[in-house]
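Every letter in the sequence shown is one number past the one before it in the numbering used here, and letter 332, counting from 1, is 332. Cβ atoms here follow ideal geometry from the backbone N, Cα and C, with glycine treated the same way.
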Amino acid sequence: MKNQNALRIFILEDDLWYGSMLQHYLSLNPDYEVKRFDKPGDLFNQLHESPDVITLDYFMPDMDGSVVLKKIREINQEVKVVIISGQEDLRTAVSLVTGGAFDYIVKDEDTKDRLWNVLLHLKEIVGLKKKIAVLEAEVGKRNDYSRYLLGKSECMEKVFAMIGKASGSNITVSISGETGTGKEMVAKAIHFNSDRSKKPFITVNMAAIPRELVESELFGHEKGSFTGAVTRRIGKFEEAHQGTLFLDEIGELDISLQAKLLRVLQEREITRIGSNEVIPVNVRIIVATHRDLMEEVQKKTFREDLYYRLIGLPVKMPPLRERGNDILILAKSFLDQFCDANNLPKKNLSPEAARKLMQYEFPGNVRELRSIM
1 MKNQNALRIF ILEDDLWYGS MLQHYLSLNP DYEVKRFDKP GDLFNQLHES
51 PDVITLDYFM PDMDGSVVLK KIREINQEVK VVIISGQEDL RTAVSLVTGG
101 AFDYIVKDED TKDRLWNVLL HLKEIVGLKK KIAVLEAEVG KRNDYSRYLL
151 GKSECMEKVF AMIGKASGSN ITVSISGETG TGKEMVAKAI HFNSDRSKKP
201 FITVNMAAIP RELVESELFG HEKGSFTGAV TRRIGKFEEA HQGTLFLDEI
251 GELDISLQAK LLRVLQEREI TRIGSNEVIP VNVRIIVATH RDLMEEVQKK
301 TFREDLYYRL IGLPVKMPPL RERGNDILIL AKSFLDQFCD ANNLPKKNLS
351 PEAARKLMQY EFPGNVRELR SIM
């Protein structure tokens, strides 16, 4: 029976022996469906089959890999292209990655092992994207988190692994990291890959709510319960019932309200302001902060018992400056989004632009990179 979840791999290799060897080697994995081509034209004609990955020999008799890559990109924007070259050339590698290649591998005795590892990583990415697409169709709305969670750096692989781990449970998740690193996108990815995906995902930014309104925002209020309460209001905990409540910038929550939040997390029930009715809530909690909460605990500005209730499964978002070539991958993605939104032809980063991006510190992280692009 055909494996519907198989990773579809096309191999373009003019060396028949080497291509056959790669095809046989990769076919050992039952989760791979592998086809081999020795001419670019034959591969172009089969791109309508929507492969997930193409391994591309850079040195072809009829056209070099950069031309083939450009043609593939014109036909299929989604397929991941892995360049395999007989020469180690950093300038060429950077040019190809900025031009849309996923990775660049040099032919040597370790080629098979490196390719195997790249494909294992790609299978996780492709599988996650397919699942996201299905969930988006079911939820009936477009979620934009997937375009921000790109990268193949070691630190992001750890993040992807934690997303997978968190998605399979209901444990509280705490996401830490500098402003602009994509903490909310991680929270969305966890929710939309969990068994709560069809239920609400509700966000509350603690830093954006005046202190005197936080309790009403979270727990709701009854009409007439305080000056200005002209109608009943449902709080965010009730809105998120059976779904996920994302408490962004949790470190900004005033210590006078932290005890009330702790009680709700312990009892799993809320009481609206001005009411005696106890309302059960079934909510998965994800929190995020740019602060060091343990440091806040030591300064007595954050309750220690609330800290341990929230820490759950910690996810650390790395700053963009530590993510290496992820900068170029994200930059190309944002550039493509800009071109699509403005009906412009696709553009590539120049080597000089790529060099400057790689040298910049990005204090605003991914958010700043998106604004730049």
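Original post:
Starting from Glu33 and walking both ways along the beta strand (DSSP E), at which residues does that stretch end?
Top reply: Against the sequence shown, residue 33 aligns to sequence position 33. From DSSP, the beta strand (DSSP E) with Glu33 extends over 32-37.
Original post:
When you compare each of Arg8, Leu16, Lys39 to Leu26 by their alpha carbons, which one comes out closest?
Top reply: Here the question's residue 26 lines up with position 26 in the sequence shown. Out of Arg8, Leu16, Lys39, Arg8 has the C-alpha closest to the C-alpha of Leu26.
Original post:
Who pairs with His221 in a beta bridge, going by DSSP?
Top reply: Position 221 of the sequence shown, counting from 1, holds the residue named residue 221. Answer is Arg233, Ile273.
Original post:
So, do the segment 16-30 and the segment 41-50 have three or more beta carbon pairs nearer to each other than 8 Å?
Top reply: no
**OP:** To the nearest angstrom, report how far apart Lys141 and Val186 are at their CA atoms.
**Re:** Indexing the sequence shown from 1 puts residue 141 at position 141. Indexing the sequence shown from 1 puts residue 186 at position 186. Reliability of the predicted coordinates at Lys141 is poor, the pLDDT of 41 falling under 50, and no value is obtained from them.
Subject >> Bridge partners - Ser176, DSSP secondary structure assignment >> reply: Translated into positions along the sequence shown, residue 176 becomes position 176. DSSP, once it has assigned bridges, lists Thr289, Lys316 as partnering Ser176.
**OP:** State yes or no: is the C-beta of Leu262 within less than 8 Å of the C-beta of Asp305?
**Re:** Start at 1 with the first residue of the sequence shown, and residue 262 comes out as number 262. Start at 1 with the first residue of the sequence shown, and residue 305 comes out as number 305. For Leu262 and Asp305, yes; Cβs fall inside 8 Å.
Original post:
Under three-state DSSP, which class holds Ile171?
Top reply: Within the sequence shown, residue 171 is the residue found at index 171, counting from 1. Coil at Ile171, not helix or strand.
Original post:
When we look at the beta-carbon of Leu213 and count the other beta-carbons within 10 Å, is it buried (16 or more) or exposed?
Top reply: Indexing the sequence shown from 1 puts residue 213 at position 213. Exposed is the call here.
Original post:
Taking buried to mean at least 16 other C-beta atoms within 10 Å of its own C-beta, is Ser194 buried or exposed?
Top reply: On the sequence shown, position 194 is the one that residue 194 refers to. With 16 or more other Cβ atoms within 10 Å, it is buried.
Original post:
Going by other Cβ atoms of all chains shown within 10 Å of its Cβ, with 16 needed for buried, is Pro318 buried or exposed?
Top reply: For this step, residue 318 is matched to residue 318 along the sequence shown. So Pro318 ends up on the buried side.
Original post:
In chain order, what residues of the same chain have a beta carbon less than 7 Å from the beta carbon of Asp14, not counting five sequence neighbours either side?
Top reply: Working through the sequence shown from its first residue, we reach residue 14 at position 14. Closer than 7 Å at Cβ, skipping near neighbours: Asp38, Asp57, Met60, Pro61.
Original post:
Does the Cβ of His191 have 16 or more other Cβ atoms within 10 Å, making it buried, or fewer, making it exposed?
Top reply: Along the sequence shown, read from residue 1 onward, the residue named residue 191 stands at position 191. Result: buried.
**OP:** Can you give me the start and stop residues for the beta strand (DSSP E) that Ile11 sits inside?
**Re:** Counting from 1 along the sequence shown, the entry for residue 11 is found at position 11. Where Ile11 is concerned, the enclosing beta strand (DSSP E) stretches over 7-12.
Original post:
If you follow the beta strand (DSSP E) that Thr55 is part of, which residue opens it and which one closes it?
Top reply: Along the sequence shown, read from residue 1 onward, the residue named residue 55 stands at position 55. Segment 53-57, the beta strand (DSSP E) holding Thr55.
Subject >> beta strand (DSSP E) segments (min. 3 residues) lying fully within the segment 79-122 >> reply: 80-85, 103-106
**OP:** With a 10 Å radius around its C-beta and 16 neighbouring C-beta atoms as the bar for buried, classify Ile270 as buried or exposed.
**Re:** In the sequence shown, the residue the question calls residue 270 occupies position 270. The residue in question, Ile270, is buried, as its Cβ has 16 or more Cβ neighbours within 10 Å.
**OP:** Determine, using beta carbons only, whether Gly100 and Leu149 come nearer to each other than 8 Å.
**Re:** What you label residue 100 is simply residue 100 of the sequence shown in a count that begins at 1. What you label residue 149 is simply residue 149 of the sequence shown in a count that begins at 1. Going by C-beta atoms, Gly100 is not nearer than 8 Å to Leu149.
Subject >> Close-in-space but distant-in-sequence residues of the same chain around Glu122 (CB under 6 Å, 5 per side omitted) >> reply: Your numbering for residue 122 matches position 122 in the sequence shown. Reading the sequence as shown, one finds Leu at residue 122 and not Glu. The residues are Val53, Lys80.
**OP:** For Arg323, name the three-state secondary structure that DSSP assigns.
**Re:** For the purposes of this step, residue 323 is taken as the residue at position 323 of the sequence shown. Coil, per DSSP.
Original post:
What three-state label does DSSP hand Asn193 in the structure shown?
Top reply: Taking the first residue of the sequence shown as position 1, residue 193 is located at position 193. Note: Asn193 maps to coil in three-state DSSP.
**OP:** Quick one: using the 10 Å Cβ neighbour count with 16 as the cut-off for buried, is Pro40 buried or exposed?
**Re:** The count along the sequence shown starts at 1 and reaches residue 40 at position 40. The residue is buried, with at least 16 neighbouring Cβ atoms inside 10 Å.
Original post:
Between which two residues does the beta strand (DSSP E) containing Leu247 stretch?
Top reply: Working through the sequence shown from its first residue, we reach residue 247 at position 247. From DSSP, the beta strand (DSSP E) with Leu247 extends over 244-248.
Original post:
Using a Cβ-Cβ cut-off of 6 Å (strictly less than) and excluding sequence neighbours within five positions of Ala240, which residues of its own chain qualify?
Top reply: Position 240 of the sequence shown, counted from the first residue, corresponds to residue 240. Pro200, Ile202, Val283, listed in sequence order.
Subject >> Buried/exposed call for Ala331, threshold 16 Cβ in 10 Å >> reply: Here residue 331 corresponds to residue number 331 of the sequence shown, with the count starting at 1. So Ala331 counts as buried.
**OP:** Determine the closest residue to Leu313 out of Lys107, Ile175, Arg303, with distance taken between C-alpha atoms.
**Re:** The residue labelled residue 313 in the question sits at position 313 within the sequence shown. Cα-wise, what sits closest to Leu313 is Ile175.
Original post:
Between the segment 81-90 and the segment 101-111, are three or more C-beta pairs nearer than 8 Å?
Top reply: yes
Original post:
Run through DSSP, which three-state label would Phe201 get?
Top reply: Position 201 of the sequence shown holds residue 201. Note: Phe201 maps to strand in three-state DSSP.
**OP:** List the DSSP bridge partners of Ile329.
**Re:** Taking the sequence shown and counting its residues from 1, the one referred to as residue 329 is at position 329. DSSP, once it has assigned bridges, lists no residue as partnering Ile329.
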